[in-house]
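A quick write-up on the structure given underneath.
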Amino acid sequence: MLRFACRNLFRRPIRLLLAGSGIAVSVAVWIVLSAFGDGYRQALGGELQRAGMQMMLVPLGCPYDAAARVLQGRSLDISLPADAVDAVRADPDVAVAAPLLMAAMPRPSEGRTDLWVGLDRSALALKPWWRARRGRDWFDATNGVILGAETAAIELREPGDALHCPGIGATFRVEGVLERGGTADDALFFIPLATAQRTFHQEGRVTAVAIRLRDPARIREVAARLQRIPGAQVVTMTEMMGTFLNLVGTVRTLMLALAVVAMSTGVLGIFNTLLAAVVERTRELCLLRALGASRGQVFGLMTLEAAMLGAGGATAGVLLAFAVGHLVESLVKSYVPLPPAGSLVQIGPGLVARTLVLAALAGWVAALYPAWRASRLPPALPSGTP
Amino acid sequence: MNTIDRSPSPADPVIVAAGLSKTYPRGREQVRALDGIDFAVGRGEFVAVVGPSGSGKTTLLNLLGCMDTPTGGTLRLAGREISGLSETDRTLLRRRHLGFVFQHFGLVPTLTVAENVALPRLFARRAEDGRVGELLRQVGLWDRRDHRPHQLSGGEMQRAAIARALVNDPSLLLADEPTGNLDSATGESDIGLFRQLNAGGLTIVAVTHNAALSDAAGRRLHLRDGRLA
Amino acid sequence: MTTGRWTLLGVVAVGVAAVVGWSLGFPGRGHRVDLAAEPAAGTRIESAPLCPWRNPAPDLAEFFPGADESRPELLILSGLRPELARRLGHTPSSDDNAVHVQRIHASGRPVGLVVVRRVKGESGAVEFVLALETNGVVRGLRYQRMREPAETEAFLVSAAWRSAFAGKGVHDAFVPGRDLPDPPAPARVSALAVADGVRELLVLLDVAAGPGAIRRPLAPASNPAHPHP
Chain A
2 MLRFACRNLF RRPIRLLLAG SGIAVSVAVW IVLSAFGDGY RQALGGELQR
52 AGMQMMLVPL GCPYDAAARV LQGRSLDISL PADAVDAVRA DPDVAVAAPL
102 LMAAMPRPSE GRTDLWVGLD RSALALKPWW RARRGRDWFD ATNGVILGAE
152 TAAIELREPG DALHCPGIGA TFRVEGVLER GGTADDALFF IPLATAQRTF
202 HQEGRVTAVA IRLRDPARIR EVAARLQRIP GAQVVTMTEM MGTFLNLVGT
252 VRTLMLALAV VAMSTGVLGI FNTLLAAVVE RTRELCLLRA LGASRGQVFG
302 LMTLEAAMLG AGGATAGVLL AFAVGHLVES LVKSYVPLPP AGSLVQIGPG
352 LVARTLVLAA LAGWVAALYP AWRASRLPPA LPSGTP
Chain B
16 MNTIDRSPSP ADPVIVAAGL SKTYPRGREQ VRALDGIDFA VGRGEFVAVV
66 GPSGSGKTTL LNLLGCMDTP TGGTLRLAGR EISGLSETDR TLLRRRHLGF
116 VFQHFGLVPT LTVAENVALP RLFARRAEDG RVGELLRQVG LWDRRDHRPH
166 QLSGGEMQRA AIARALVNDP SLLLADEPTG NLDSATGESD IGLFRQLNAG
216 GLTIVAVTHN AALSDAAGRR LHLRDGRLA
Chain C
5 MTTGRWTLLG VVAVGVAAVV GWSLGFPGRG HRVDLAAEPA AGTRIESAPL
55 CPWRNPAPDL AEFFPGADES RPELLILSGL RPELARRLGH TPSSDDNAVH
105 VQRIHASGRP VGLVVVRRVK GESGAVEFVL ALETNGVVRG LRYQRMREPA
155 ETEAFLVSAA WRSAFAGKGV HDAFVPGRDL PDPPAPARVS ALAVADGVRE
205 LLVLLDVAAG PGAIRRPLAP ASNPAHPHP
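Chains as they are written, first to last, in the working numbering: chain A, 2 to 387; chain B, 16 to 244; chain C, 5 to 233.
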């Protein structure tokens, strides 16, 4: 019966190809959009986890914008006084308070912006992955610079080389090149905090303070206390993640609506293909009934054809999803807030299995009416020229 | 479920029709395609149904093939009255006891000759036990078993259709103009095959315009205006 | 199965294979084009990303004012490493295995080519654009990026230094202070890097023009002013 159904499907190869393509495209859209949601949540979680902190003290303003800028290694136009760092460190629940000074040095004529980060040793406690691939992993000299892996590769720098910052006219000595971490840090220039404050004329000021608590369960109380520091506000990582996920969730709902439309189109494609097949093969189906096929067998034959069409289309859709996943990822990354460095479109076996089951179910539902119509055809002698 | 009498006694009729009628509505009119005919066909008989176009031959064949139900009279097939049978029982009766040969062969174009012959067996959920090969050899199509119908001549297609009709070992073979689409030489050859099958004990009812086929039959039923002449 | 159906199935199979191949990252046209683009932060690479042509419009305006098309091409020299080593005077780097060139056309006529190169300056990478005549002689030199101190930058961008390369070919010498202007001491390292970079590019292109090199056109860019990150 399987072979019979398969032969029937290939009777009209063009129609089969069109119907299969419709299913493939809808399945691919469904998979990519679903995978994006899962991947974004996972990647964002991982990114915040790697940040090694539970909250951040940032200058007053839009806290999420500020926190996102800091996480991405972008500079802020406003800053915190250094005594805010002392106030945070004085809090008994704070295990680590790492002040950061970020500065962006744009070079419009070259179409680039260098991102410089001043940090002190406390930052190492928040960056367990901080490891030098070459050279030293901490500054020996005040004019030392440690480069992210990407920066070092592009600037062709090795430990011991000079590195000039044309915007401020300062020259640094490369002390180390970090292991590639897969985060925004790969593209940064790290210098000692005091050097950064002096070089960028921000003496006594910091852009943000990254905070790790002794007991993360006390995050609410600590946040309430630190919120009282003048000119500062607290953003917790949970709040940040929630806000970004809400934003993405809204977009995702819209995209899923799109996916449902795509899937419906695929289902209608199967419906149309089978209905056309029933009309076209009426005489043959009547003949099969005359040869002893029961109504159930004719129904089964048609649903089997639908299932095969659905399965073939869905499999092609899965392959297509893998192929376009990268494309969608690069497109989406430029629009979402705080795009994590990891893969945003993660197509796992679970998702593929769920989608295949869904496609098979949708195909079966689409086949019900045409198959029922076929099964109601009466047995009859074939007449006319075959 | 009733069992169907398949005893080999020649006295035992395979078909018994009494006052068999079939009326079709055509607009406001009622057309009497068959008008109360009585006949019986004994086991092992070869009967030709002849008559002009519109005389009711195809209607009779549809009734004998359990593809339609009479509007009057009774029709017993292999000992069972078909008027009272459900759709499922009629399907089972067709599947187990009837074989069909059609004027236009009725082969499925996407299947090979062997697959076409095996089709009724597939529907009957009977395992392939060599019967298909045996029949293909019998009708001389073993070498053509993997060909598609469009690669066969008319005579070969008809022999494939005959093999398909026999694959479930029916007790009654119904043929609708089996030589109607064949040239005379091929038709003669198929008539020979029918004779051979009948000689083996198979009951055959053939609707035909072909004098040679009706001559080959042991008995003729003349239909005219829905009545036996 | 008919020939037409086999053809169709073949086309479908090739299509599926292409999609699968692409999704698995097999080398293909699209990937070669990507080599020219600087990967986004976070992509895992171990060597320096290839230097892209970042801002074609002003470069073309200066060197090839009438140009209306640039055709990217990949010159694969991996099979010529021994000759490259002999001509360069040192072991070629992995970046020397292939050179991306832009063949510049004006009204369909080739007018020259553009090559970009990133060299190690004293205080950071120096990226320059080298414009060549169709016969391989330098037409001009411009910089894309550098992070040199003011004095060095001033020397490197000076008309005297840049114009000294014009008219030179692969057989010319590029020694600062003799064949090229003498740089001030602070600019010496970077100036030497640029001069060596130009000479090495000319050698690579000269080797590529000989036998054994593979020329592979990349995706055509009808608009020469395509942006780069």
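Using N, Cα and C, we set each Cβ at its ideal position, and we do this for glycine too.
- Not flagged as an interface residue toward chain A: B:Leu167, since no C-beta distance is shorter than 8 Å.
- Chain-ordered, the chain A residues with CB closer than 7 Å to the CB of B:Thr106 read Gly293, Ser295.
- Leaving aside the five residues that flank C:Val207 on each side, the residues in its chain whose CB is nearer than 8 Å to its CB run, in chain order, Leu88, Arg91, Leu92, Val174.
- The criterion of a C-beta distance shorter than 8 Å is satisfied by A:Val146 and A:Ile192.
- Per DSSP, B:Ile52 is one residue of the beta strand (DSSP E) stretching across 44 to 57.
- Within chain B, Gly121, Val123, Pro124 have C-beta atoms less than 9 Å from the C-beta of A:Glu285, given in sequence order.
- For C:Ala189, there is no enclosing alpha helix (DSSP H), since its DSSP letter is neither H nor E.
- Rounded to whole angstroms, the gap between the alpha carbons of B:Phe115 and B:Cys81 is 11 Å.
- Residue-level contact by beta carbon fails for B:Leu228 and chain A, as no gap is shorter than 8 Å.
- Contact with chain A is absent for C:Asn101, since none of that chain's Cβ atoms lies less than 8 Å from the residue's Cβ.
- DSSP places B:Lys72 in the uninterrupted alpha helix (DSSP H) bounded by 72 to 79.
- Using a C-beta cut-off of 8 Å, the region 169 to 176 of chain B makes contact with the region 187 to 202 of chain B, since at least three inter-stretch Cβ pairs fall below that distance.
- Between A:Ile155 and chain C, the shortest Cβ-Cβ separation is below 8 Å.
- One Cα belongs to B:Leu217, the other to A:Asn9, and the distance between them is close to 34 Å.
- Within the region 131 to 183 of chain C, the runs of alpha helix (DSSP H) at least 4 residues long that lie entirely inside it are, in chain order, 154 to 161, 163 to 167.
- A:Thr184 counts as buried, since at least 16 other C-beta atoms from the protein chains shown sit within 10 angstroms of its C-beta.
- At a C-beta separation below 7 Å, A:Pro167 has these neighbours in chain C: Arg151.
- In the DSSP annotation of this structure, the continuous segment of the beta strand (DSSP E) that includes A:Thr114 starts and ends at 113 to 120.
- Those residues of the region 71 to 105 of chain B placed with their C-beta closer than 9 Å to a C-beta in chain A are Thr73, Leu76, Asn77, Gly80, Cys81, Met82, Asp83, Glu102, Thr103, Arg105, ordered along the chain.
- Taking 8 Å as the cut-off, the Cβ atoms of A:Ala124 and A:Ala85 do not count as close.
- Judged by beta-carbon spacing, A:Ala29 lies within the 8 Å limit of A:Val325, meaning their Cβ atoms are closer than that value.
- Within chain C, the residues whose beta carbon sits less than 7 Å from that of A:Thr172 are Ser127, Pro153, listed in sequence order.
- Where B:Asp191 is concerned, the enclosing beta strand (DSSP E) starts and stops at 187 to 191.
- Contact between A:Gly293 and A:Ala361 is absent: CB atoms are separated by about 29 Å, not below the 8 Å threshold.
- Here the alpha carbon of A:Ala188 sits roughly 27 Å from the alpha carbon of C:Pro62.
- Contact with chain A is absent for C:Lys172, since none of that chain's Cβ atoms lies less than 8 Å from the residue's Cβ.
- Looking at the DSSP output, A:Met56 bridges to A:Ile212, A:Thr237.
- In the three-state reduction of the DSSP assignment, C:Gln106 falls in the strand class, which pools E and B.
- Residue burial annotation: A:Thr114 is exposed, with fewer than 16 other C-beta atoms found within 10 angstroms of its C-beta.
- In chain order, Arg149 make up the part of chain C whose C-beta sits under 8 Å from the C-beta of A:Arg113.
- Contact between the region 124 to 133 of chain C and the region 71 to 81 of chain C is absent: fewer than three C-beta pairs spanning the two stretches fall below 8 Å.
- The region 116 to 128 of chain B makes contact with the region 152 to 167 of chain B: 3 or more CB pairs, one atom from each, lie closer than 8 Å.
- Beta-bridge partners of B:Arg239 (DSSP): B:Arg242.
- Around the CB of B:Gln45, fewer than 16 other CB atoms lie within 10 Å, so the residue is classed as exposed.
- DSSP, read as helix, strand or coil, puts B:Met82 in coil.
- Where A:Cys166 is concerned, the enclosing beta strand (DSSP E) starts and stops at 163 to 166.
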